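Number of protein chains: 2
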Amino acid sequence: MHYVKGLVCISCQKNYAPEPDRYLCSSCGENGLLDVEYDYSLLQSEWSPEQLQSSTAPGHWRYLPLLPVDPATPRPPLRVGGTPLYHNRALGEELGLQEIIIKDEGLNPTASLKDRASSLAVVKAREAGNNTISCSSTGNAASSLAGSAAASGLKAVIFVPERAPGGKVAQLMIFGARVISVQGSYSDTYELSAASIDRWHWYNRNAAINPYLMEGKKTAVLELAEQLNWQMPDWIVLTVGDGCTIAGAGKALQDLRELDFITRKPRLLGVQAAGCAPITRAWQQEAELQVCAEDSLADSIAVGNPRNWKKAVRAVRDSGGIMINVEDEEILEMMKLLGRKSGIFGEPAGVAGLAGIRRAVKAGIIQPREKVAVIITGNGLKDIDSARQAAGEPYSLAPEIEAMEEVVCKEGLD
Amino acid sequence: MHYVKGLVCISCQKNYAPEPDRYLCSSCGENGLLDVEYDYSLLQSEWSPEQLQSSTAPGHWRYLPLLPVDPATPRPPLRVGGTPLYHNRALGEELGLQEIIIKDEGLNPTASLKDRASSLAVVKAREAGNNTISCSSTGNAASSLAGSAAASGLKAVIFVPERAPGGKVAQLMIFGARVISVQGSYSDTYELSAASIDRWHWYNRNAAINPYLMEGKKTAVLELAEQLNWQMPDWIVLTVGDGCTIAGAGKALQDLRELDFITRKPRLLGVQAAGCAPITRAWQQEAELQVCAEDSLADSIAVGNPRNWKKAVRAVRDSGGIMINVEDEEILEMMKLLGRKSGIFGEPAGVAGLAGIRRAVKAGIIQPREKVAVIITGNGLKDIDSARQAAGEPYSLAPEIEAMEEVVCKEGLD
């Protein structure tokens, strides 16, 4: 916390001390999201890329000076971050580029980028003196919270709507979370979780209103920059749901630029599913957010009422970037294309960025010679049904070599 | 290949040149599995733990001097290995130990230890001048082969029995494998794959008969040893299906001891599912293998006719270790216990080792103060149905705070 100056409201600029359970501006309420501010001068005088290079901290904790946690607070033992980065020509060419840089966040402990935020949440809960931590979600945020809490010996209370898929619920139960299946809509679920958090004073792991979680998410981009030896690409591409992940990317770029670790900021390309794109609309029209329906198979980014939209729009705008929408069919096509060209299995929300890249290249927004990095945010094993829809059916044969001859000929396998 | 002396038959000791497509002894046939032999003296004079420490090769390729591949052959770009190791007291205590050391192999690119073998297979296929590689399997071997082949631009032909779960087939299809669903039993499937590999001269990725694949698997234990700074535990615990993984562990221990990287070998504890334990039986009775039924939910280790049983029994015996069986109920219990105490989600075959440890401690075979390392071989996201069976059901509530009060009280969350 040495380098944290405080929290500041993005609406009225009021300052707050960085209390671990300070979530929103007390004047502006839900319009008053808070930003964590760092003392960049002090940081720059005490920390450098060379010092970072000699760090032996596991995973994303190597960026501790840029994280709003007390170094003395126990951290969850799971290795979060340290995910691989690949340069891929074959996939790049399919999208109209010379190559593409892929960061596979599906190799985090619970198989998504959200582990970066949940690990911070668990530390802040401890700092707040809280042994119970709660959120409402059906997806990656829930499983990552359940995993980080289990690893730390904390209790997690997770509210899911009754329509939540059985498999995701099972993952939460395996991690020992107390899972409440709410007989009602997602709104009912959110309301019950908010009332319960308030009533029993649990720690609130809601990435949209908890200012510390975005700081965890930003480590994906800090890591990408370090893996590229601080030579940033022209574009960083991310899918956008509640807006926290791309806002975190924007914060990482701000940090790196302020500290002179990088000499220029890449542009951010934010990609939403066409069936649920309220942030793209707010960005295009320079208008307030309008809540919309959630009609996409990319469930992790189908957020009709994204509470972090302002920070997301700001991050895209500050980078000179754009927002773009893609159809579900394109997302399914990209699941298949990514798998075939890279051996990476991404979930729908994880691969939508690739469809956005192809559109942006076709529209002349991204130039073929530009360097483009995409973050695959979650593992496809989390959504096998979509994979089946994307990938088609196998050959079905009698166990006779004659039957194989036809397949071999058709597929050119001889 | 600099350090590879050749291949030797485990039955008649006949020697062979290390041709990439040499699978079995030509005299002994399927009884003549081959071992890769290294020139340990030469290796020891040219390689040391200090040199290893300065390696910047990704993942398990840091052990290249101990791998039977030509350093000049292009390697698949996926980062295989480099999986995390955790020391866990809470889980250790549940099993009757002071702590337990856990290696999470579910964080490999396609979510299992099998990636270590498939990455080798892809390299050997290239060395054999072969662009198509094939196996029959419904599980982790198939998906890892499909992923490694996709990343390398090779073709994979995978034979599955028609009962193969749709989700696993979808994963193969996403990676662009040519998947043949065979209308018949697993035996029919195996026979059609063998006939096809023979007929069309594809590269054979069958861990049981291909001597190079075990060399890939051994890197899990090489890595564990390095992560423990060469201070080996008293026991290394692995689940056993076709026998290749534990045989690979035995080979790693042999390598490390011959090279003086470690001063003593740990004992191997091999764990099979009680419903399919032909290797335990062969070990106990010092007899030939008897093929048995495959009656366990731990599908990845339910192998009734394990073709690598001799190397497995040899590895356990050479280490002074033992084989033990566990029931399916214990496996499900361990999925839950591991998740709750560590935040790691293991598949049934991945966690069966924990049940074996508990039995061995209770039987006085493992002492409470001994150091025990267990390898969690695959990610639980691959088998959500078993997770649901293990973890039970969530609370189902109306969206009213009064309903929550009862849960909070019962769970002690206030």
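Quick mapping for you: the protein sequence lines, in order, are chains A and B.
So the first sequence is numbered by the working numbering: it starts at 1 and just counts up by one.
So the second sequence is numbered by the working numbering: it starts at 415 and just counts up by one.
From the three backbone atoms N, C-alpha and C, an ideal C-beta is built for every residue, glycine too.
Here the structure is a predicted model, which means the values were calculated and not measured.
- Do you know how far the Cα of C409/A is from the Cα of L606/B? Taking the second sequence and counting its residues from 1, the one referred to as residue 606/B is at position 192. Taking the first sequence and counting its residues from 1, the one referred to as residue 409/A is at position 409. The alpha-carbon atoms of L606/B and C409/A are separated by roughly 16 Å.
- Grab me the residues of I594/B's own chain with a C-beta within less than 6 Å of its C-beta, minus the 5 sequence neighbours each way, in chain order. The count along the second sequence starts at 1 and reaches residue 594/B at position 180. Closer than 6 Å at Cβ, skipping near neighbours: F573.
- Query: Tell me which same chain residues have a C-beta within less than 6 Å of the C-beta of Q44/A, skipping the five on either side of it?
  - Reply: As a working mapping, residue 44/A is identified with position 44 in the first sequence. So the qualifying residues of the chain are L259.
- Item | Enclosing alpha helix (DSSP H) for R695/B [first to last residue] | Looking up residue 695/B in the second sequence gives position 281. R695/B -> alpha helix (DSSP H) spans 692-699.
- Please name the residue, chosen from G176/A, R62/A, A293/A, that lies closest to S144/A on a Cα-to-Cα basis. Walking along the first sequence from the start, residue 144/A turns up at place 144. Comparing Cα positions, the closest option is G176/A.
- On a CA-only basis, which of D797/B, T791/B, A769/B, N793/B is nearest G506/B? Give me that one, please. For the purposes of this step, residue 506/B is identified with residue 92 of the second sequence, where counting begins at 1. Cα-wise, what sits closest to G506/B is A769/B.
- Message: Does E451/B come out as helix, strand or coil in the three-state DSSP assignment?
- Response: In the second sequence, counting from the first residue as 1, residue 451/B sits at position 37. In the structure shown, E451/B sits in a strand (DSSP, three-state: E or B).
- Task: Just the C-alpha distance for L642/B and T263/A, rounded to the nearest angstrom, thanks.
- Result: Position 228 of the second sequence, counting from 1, holds the residue named residue 642/B. Position 263 of the first sequence, counting from 1, holds the residue named residue 263/A. In a straight line, the C-alpha of L642/B is about 39 Å away from that of T263/A.
- Query: Using the rule of at least 16 other Cβ atoms within 10 Å of the residue's Cβ for burial, across every protein chain shown, is S830/B buried or exposed?
  - Reply: As shown, chain B starts at 415 and ends at 828. That puts residue 830/B outside it, with no answer to give.
- Query: Which one of G184/A, A128/A, P161/A, V291/A has the shortest CA to CA distance from Y203/A?
  - Reply: Taking the first sequence and counting its residues from 1, the one referred to as residue 203/A is at position 203. Nearest option by C-alpha distance: A128/A.
- If the cut is a Cβ gap below 7 Å, which residues of chain B does P84/A touch? Stepping through the first sequence from its first residue, residue 84/A is reached at position 84. Here the neighbours are R493.
- Query: In terms of residue numbering, what span does the alpha helix (DSSP H) encompassing C190/A cover?
  - Reply: Looking up residue 190/A in the first sequence gives position 190. One point to set straight first is that residue 190/A is Tyr, not Cys, in the sequence displayed. Unbroken alpha helix (DSSP H) run through Y190/A: 186-200.
- Would you say the stretch 665-672 of chain B touches the stretch 745-762 of chain B, given that touching needs at least three Cβ pairs under 8 Å? no
- Query: Quick one: Cα of Q699/B to Cα of S733/B, how far?
  - Reply: On the second sequence, residue 699/B is found 285 positions in, with the first residue counted as 1. On the second sequence, residue 733/B is found 319 positions in, with the first residue counted as 1. Cα to Cα, the separation comes out at about 18 Å.
- Message: According to DSSP, is N554/B part of a helix, a strand, or is it coil?
- Response: Residue 554/B sits at position 140 when you count from the first residue of the second sequence. N554/B falls in the helix class under three-state DSSP.
- Anticipated Cβ contact below 8 Å, L527/B with A556/B, distance rounded: Position 113 of the second sequence, counted from the first residue, corresponds to residue 527/B. Position 142 of the second sequence, counted from the first residue, corresponds to residue 556/B. Their Cβ separation, rounded to whole angstroms, is 14 Å, which puts L527/B and A556/B out of contact at 8 Å.
- Item | Burial state of N88/A, where buried means 16 or more other Cβ atoms lie within 10 Å | As a working note, residue 88/A is residue 88 in the first sequence. So N88/A counts as buried.
- Query: Using the rule of at least 16 other Cβ atoms within 10 Å of the residue's Cβ for burial, across every protein chain shown, is P432/B buried or exposed?
  - Reply: Taking the second sequence and counting its residues from 1, the one referred to as residue 432/B is at position 18. So P432/B counts as buried.
- Query: So A352/A packs on V271/A, CB below 8 Å; how close in whole Å?
  - Reply: Counting from one through the first sequence, the residue named residue 352/A turns up at place 352. Counting from one through the first sequence, the residue named residue 271/A turns up at place 271. A352/A to V271/A, Cβ: 5 Å. Contact.
- Message: For T791/B, would you say it is in contact with chain A, using Cβ-to-Cβ distances shorter than 8 Å as the test?
- Response: Walking along the second sequence from the start, residue 791/B turns up at place 377. Not an interface residue.
- Task: Quick one: measure Cβ to Cβ for L438/B and L447/B, integer angstroms, because I've assumed they're closer than 8 Å.
- Result: As a first step, residue 438/B is located in the second sequence; it is residue number 24 there, counting from the start. As a first step, residue 447/B is located in the second sequence; it is residue number 33 there, counting from the start. L438/B to L447/B, Cβ: 7 Å. Contact.
- Query: Taking the alpha-carbon positions, what's the W475/B to G662/B distance?
  - Reply: Walking along the second sequence from the start, residue 475/B turns up at place 61. Walking along the second sequence from the start, residue 662/B turns up at place 248. Cα to Cα, the separation comes out at about 16 Å.
- Query: CA-CA distance, S300/A and S196/A?
  - Reply: Here residue 300/A is taken as the residue at index 300 of the first sequence, counted from 1. Here residue 196/A is taken as the residue at index 196 of the first sequence, counted from 1. Between S300/A and S196/A, the C-alpha separation is close to 24 Å.
- Task: Grab me the residues of E161/A's own chain with a C-beta within less than 8 Å of its C-beta, minus the 5 sequence neighbours each way, in chain order.
- Result: For this step, residue 161/A is matched to residue 161 along the first sequence. Note on residue identity: the sequence assigns Pro, not Glu, to residue 161/A. Hits under 8 Å: T138, S181, V182, G184, S185, Y186, D188, T189.
- Run through DSSP, which three-state label would K269/A get? Within the first sequence, residue 269/A is the residue found at index 269, counting from 1. What sits at residue 269/A in the sequence shown is Leu, not Lys. L269/A: strand per DSSP, three-state reduction.
- Item | Segment contact, 8 Å Cβ cut-off, at least three pairs: the stretch 562-569 of chain B with the stretch 633-641 of chain B | no
- Pick out whichever of I101/A, N131/A, L78/A, N206/A has its Cα sitting closest to the Cα of I357/A. As a working note, residue 357/A is residue 357 in the first sequence. Cα-wise, what sits closest to I357/A is I101/A.
- Give me the Cα-Cα distance between I780/B and Y500/B, rounded to the nearest whole angstrom. Here the question's residue 780/B lines up with position 366 in the second sequence. Here the question's residue 500/B lines up with position 86 in the second sequence. Approximately 20 Å, taken between the alpha carbons.
- Message: Could you tell me the alpha carbon to alpha carbon distance between V316/A and A471/B, rounded to whole angstroms?
- Response: Against the first sequence, residue 316/A aligns to sequence position 316. Against the second sequence, residue 471/B aligns to sequence position 57. Distance between the alpha carbons of V316/A and A471/B: 36 Å.
- Task: Tell me, please, whether the stretch 320-334 of chain A touches the stretch 370-381 of chain A by the rule of three or more beta-carbon pairs shorter than 8 Å.
- Result: no
- Query: Would you call the CB atoms of G630/B and S533/B closer than 8 Å?
  - Reply: Translated into the one-based positions of the second sequence, residue 630/B becomes position 216. Translated into the one-based positions of the second sequence, residue 533/B becomes position 119. Closer than 8 Å, so yes.
- Message: In whole angstroms, give me the CA-to-CA distance for E294/A and M1/A.
- Response: Position 294 of the first sequence, counted from the first residue, corresponds to residue 294/A. Position 1 of the first sequence, counted from the first residue, corresponds to residue 1/A. Looking at the two C-alpha atoms, the distance is approximately 38 Å.
- Query: For P20/A, which residues of its own chain have a beta-carbon under 7 Å away from its beta-carbon, when the five flanking residues on both sides are left out?
  - Reply: To locate residue 20/A, count along the first sequence from 1; it is residue 20. Around P20/A: K124, E127, A128.
- Query: What are the start and end residues of each continuous beta strand (DSSP E) run of 3 or more residues lying completely inside the stretch 212-267 of chain A, in chain order?
  - Reply: 235-239
- List, in order along the chain, the chain A residues whose C-beta lies closer than 8 Å to that of I815/B? For the purposes of this step, residue 815/B is taken as residue 401 along the second sequence, with counting starting at 1. Going along chain A in sequence order, the residues near I815/B (Cβ under 8 Å) are L192, A195, S196, R199.
- Item | DSSP-derived helix/strand/coil call for H501/B | As a working note, residue 501/B is residue 87 in the second sequence. Strand at H501/B.
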